[in-house]
Every structure is written in structure tokens, then in C-alpha cells.
Amino acid sequence: MPRIETDFGKDPARVPFDFTEILASLAPRPVFVNAPLRDAPDFEVSGVRDCYEAAPPVYRDVFGAADRLRVEYPDAGHDFPPETRQSCYAFLNRFLRS
């Protein structure tokens, strides 16, 4: 992520890959995303929303694995709040223990 700022000036048009395609390419592997609403200027939540909107059809329609993709948007800054952390642990436990 730091190179996106230093090498590409935080300009999505200059980045030589598409985050939506990267997220979709992980299917059907389980993915949990913690995207705090007040994480700016570190990360802009709108980019996470764009990626997340593009990936469910691949998880759901191509692989029948809609339950393996989850995103949470805690009302927090650059943090992994306890409630979100517990939700993530439960998500990972479900797939790692199966």
C-alpha cells in the first residue's frame, strides 16, 4: 500500500492492477475485510465499497460461495475494534476448522 502513494501518487488510474479483480480472484477462498469508516487519510472506504460490490457475483454465481466473503465497516479510525475482531475470529474459525 505505501507504494501506491510513492510510486503512483495515490492515483487509481496509474496503478497497474485493479483491486476489484484482485479481490474477485481470491474466490472461493474465505476473505474477511475490516474497512473502518473513518480510516482516511490512510485508506478511503469508498474504494473498499467498490471492490466489495464487484466481488459477490463471482463468489456467489461462479463458485456458490457467497458466505466466504465478508466485509464490515466499523465506525472507527485506523483500528480493528473488538466487535469487528470477534466477528473476524468467528468467520475465520468457521473456515479454518472445517
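Quick note on my numbering: the sequence shown kicks off at 8 and runs consecutively. From the three backbone atoms N, C-alpha and C, an ideal C-beta is built for every residue, glycine too. Bear in mind the structure is a predicted one, so any value in this text is a computation, not a measurement.
Would you please state the rounded distance, in angstroms, between the beta carbons of P35 and R92? I believe it to be under 8 Å. Position 28 of the sequence shown, counting from 1, holds the residue named residue 35. Position 85 of the sequence shown, counting from 1, holds the residue named residue 92. Not really, about 24 Å apart at Cβ, beyond 8 Å.
I need the straight-line Cα distance from D49 to R104, nearest angstrom please. The residue labelled residue 49 in the question sits at position 42 within the sequence shown. The residue labelled residue 104 in the question sits at position 97 within the sequence shown. D49 and R104: Cα-Cα distance of roughly 33 Å.
Opening and closing residue of the beta strand (DSSP E) in which R77 lies: Counting from 1 along the sequence shown, the entry for residue 77 is found at position 70. Element bounds for R77: L76 to E79.
Just grab the DSSP bridge partners of N41 for me. Along the sequence shown, one-based indexing puts residue 41 at 34. The partner list for N41 (beta bridge, DSSP) reads E79.
So, at 7 Å on beta carbons, what are the nonlocal neighbours of Y66 in its own chain, with the 5 sequence-adjacent residues on each side left out? On the sequence shown, position 59 is the one that residue 66 refers to. Cβ within range, chain order: A34, P35, A72, A73, R75 and L76.
Leaving aside the five residues before and after R98 along the sequence, list all residues of the same chain whose C-beta is less than 6 Å from its C-beta, in chain order. Taking the sequence shown and counting its residues from 1, one reaches residue 98 at position 91. Here the sequence assigns Phe to residue 98, which means Arg is not the residue at that position. Contacts found: F39 and R77.
Does the distance from the CB of F26 to the CB of D68 come in under 9 Å? Against the sequence shown, residue 26 aligns to sequence position 19. Against the sequence shown, residue 68 aligns to sequence position 61. It is not a contact, given that the beta carbons lie outside the stated cut-off.
A34, DSSP secondary structure in three states: Taking the first residue of the sequence shown as 1, we reach residue 34 at position 27. Per DSSP, reduced to three states, the secondary structure at A34 is coil, with no helix or strand assignment.
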